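Q: According to full-length UniProt numbering, the sequence shown is numbered sequentially starting from 1.
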Amino acid sequence: MRPKSVTLDDVARQAGVSYQTVSRVLNQATHVSPNTRSKVEQAMADLNYVPNRVAQQLAGKHSLTLGLATTDLSLHAPSQIAAAIKSKARELGYSIVIAMVDDHSDLACQQAINELLAQRVDGILVNVPLKPTRSQKVVQQCAGTPVLFLDVDPQSAAFSVLFDPKVGAIQGADHLITLGHQQIALICGPKDAISSQLRYQGWLQALNSAKLTPQAVYHGEWDARSGYEATQKLITSHTPFSAILVANDQMALGVLRALHEHHVNVPRQVSVMGYDDTADSAYFQPPLTTVRQNFKLLGEESVSRLIVRLHHTIEPPSETLLLATKLTIRQTTAPFSPENE
C-alpha cells in the first residue's frame with residue numbers, strides 16, 4: 001500500500017499557519033515575514049513535503065525546474081559544469097532535470113531536448129557543441145521555452161554563456177612558442193565539435209603568427225584513450241616534435257601515459273599543454289600546464305542569466321556573455337633545449 005502523500009493542509013497544521021500562507025511561501029511571494037517563512041520551510045522539511053510540480057504546471061505556474069541537455073557526464077568538464085548548474089539552481093530555488101546526449105548527432109540532441117520539454121521545464125540549458133544553424137533549430141524546437149547555450153560559436157546570435165575557445169587556444173600555443181618550441185604537434189577533439197574546431201583554429205592562428213606549421217594533427221574523442229592512441233601514432237610515425245597541444249585535460253592524461261611508456265621525459269624532452277583545468281589536472285604526474293576555464297563561474301552565470309530571462313525582472317541580458325580563460329602554468333612545460341631532443 002502506497003504511503004499517503006503529505007499535503008499543504010498537513011504542512012499548514014504542522015507550522016500553525018493557514019493553507020494560504022503555505023501556498024504563498026511555495027510561490028515565493030514577497031509579503032511573508034521571515035519568521036513565518038522559516039516555520040513553513042521547517043514544517044516542509046519535518047514532513048518531507050514534496051511540491052506537486054505537475055499540478056503546478058497544469059495550473060499554469062512556473063515549475064521551478066530547469067532542463068539541462070549535456071554531453072557525456074563521464075567526462076570531467078561536462079560533469080563539473082552540471083554540478084555547478086545544479087548548485088546555483090538549488091540556491092535560486094530551482095531543480096534541474098538532466099537529459100544526456102549520447103553522441104554529437106542532430107537526432108540525439110533533438111531527442112534530449114524533447115525529453116526535457118515533455119517534463120514542462122521552465123527553461124533549458126544546452127551544453128552540447130552546436131553549429132549556428134543547429135542552435136537556431138533548437139530554439140525553434142523549444143517554441144516559447146527560453147534556451148541558453150554553453151557550447152556554440154561566440155560569433156553566433158544564440159543566447160549563450162561560454163568561453164572563447166579560440167582565445168584560450170592562442171594562450172596555450174603562445175606559451176609554448178615563447179618557450180622556444182617550433183616543432184609542435186596538435187591533438188584535437190572531435191572534428192564535428194564546434195569547440196574543438198575553434199581551438200584548432202586558435203592553435204593554427206598562433207602558429208601562423210610565428211611562421212610555424214604543426215608537425216602533425218590528430219583528431220579524437222574527448223577522453224584519455226583518444227589522447228593515448230594519438231600519441232602512440234605520433235611517436236611511432238617518427239615525426240620530430242618537442243611539444244604537444246592537447247584539446248582537453250582528459251586527453252592530456254592519455255598523452256602523458258603514452259609518453260611515459262616510451263620513456264619520454266615530460267617536460268625535459270617534450271612539453272605538454274592541456275585545456276580546461278579540470279579539478280584533477282593539478283594531480284597528474286607531472287601536474288598539467290593547461291588553459292583554465294572556470295566551470296563553476298560558467299554554471300552560475302548560465303543559470304542566473306536564464307532565470308533573469310524567464311522572469312524579466314530586469315532588462316533582459318544581451319545575447320552572449322564571454323568568460324575569460326587563463327593560462328595555468330604547472331610542470332608539463334619547459335623551455336626548448338636542443339640537447340634534450
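C-beta: ideal position from N, C-alpha, C; glycine also. Given the structure is predicted, the values throughout are model-derived calculations rather than measurements.
(1) Thinking C-beta only, is L162 closer than 8 Å to V121?
(2) Counting along the chain, where does the alpha helix (DSSP H) carrying L310 start and finish?
(3) How big is the Cα-Cα spacing for residue 353 and K166?
(4) Is T213 buried or exposed, if buried means 16 or more other CB atoms sit within 10 Å of its CB?
(5) State the Cα-Cα distance for the pair R2 and K39, rounded to the nearest angstrom.
(6) Helix, strand or coil: how does DSSP classify K131 here?
(7) Around the C-beta of N114, are 16 or more other C-beta atoms found within 10 angstroms, so that it is buried, or is it exposed?
(8) On a Cα-Cα basis, can you pick out the residue from S304, P286, S209, L68 that is closest to Q111?
(9) According to DSSP, simplified to helix, strand and coil, what is G123?
(10) What is the DSSP secondary structure of T290, reduced to helix, strand or coil?
(11) Compute the beta-carbon to beta-carbon distance between A158 and E319, rounded to the nearest angstrom, for a pair I have assumed lies under 8 Å.
(12) To the nearest angstrom, how far is it from the Cα of G123 to the Cα of I307?
(13) In chain order, what residues of the same chain have a beta carbon less than 6 Å from the beta carbon of T231, not counting five sequence neighbours either side?
(14) Return helix, strand or coil for C188, following the three-state DSSP convention.
(15) Once you ignore the five residues that flank residue 383 on each side, which residues in its own chain have a CB closer than 6 Å to its CB?
(16) With a threshold of 6 Å on Cβ separation, who are the neighbours of T7 within its own chain once the five nearest residues in sequence on each side are excluded?
(17) So, for residue 349: in the same chain, excluding its five sequence neighbours on each side, which residues have a beta-carbon less than 7 Å away from its beta-carbon?
(18) Less than 8 Å between the beta carbons of P190 and E221, yes or no?
(19) Can you tell which of K88, A252, E261 has the C-alpha that lies nearest to the C-alpha of M273?
(20) Give the range of the beta strand (DSSP E) segment to which R218 is assigned.
(21) Check for me: the beta strand (DSSP E) holding T320 runs from which residue to which?
(22) If distances are taken between C-alpha atoms only, which option among Y283, D153, Q119 comes closest to P132?
(23) If you reduce the DSSP assignment to three classes, tell me which class I81 lands in.
(24) Which of the three DSSP states, helix, strand or coil, is assigned to D106?
(25) Using only the alpha-carbon positions, how far apart do V17 and Y49 sit?
A: In brief:
(1) no
(2) 295-311
(3) In the structure as shown, the chain starts at 1 and stops at 341, and residue 353 therefore has no counterpart that could be examined.
(4) exposed
(5) Summary for R2: the model assigns pLDDT 46, below 50, so the residue's position carries little reliability, and this model does not support an answer.
(6) coil
(7) exposed
(8) L68
(9) strand
(10) strand
(11) 7 Å
(12) 8 Å
(13) V255, A258
(14) strand
(15) It is not possible to answer for residue 383, since the shown part of the chain is limited to 1 through 341.
(16) none
(17) Examination of residue 349 is not possible in this model, given that the chain is present from 1 through 341 alone.
(18) yes
(19) A252
(20) Note that residue 218 is Tyr in the sequence shown here, rather than Arg. Where Y218 is concerned, the enclosing beta strand (DSSP E) stretches over 216-219.
(21) 320-323
(22) D153
(23) helix
(24) helix
(25) 16 Å
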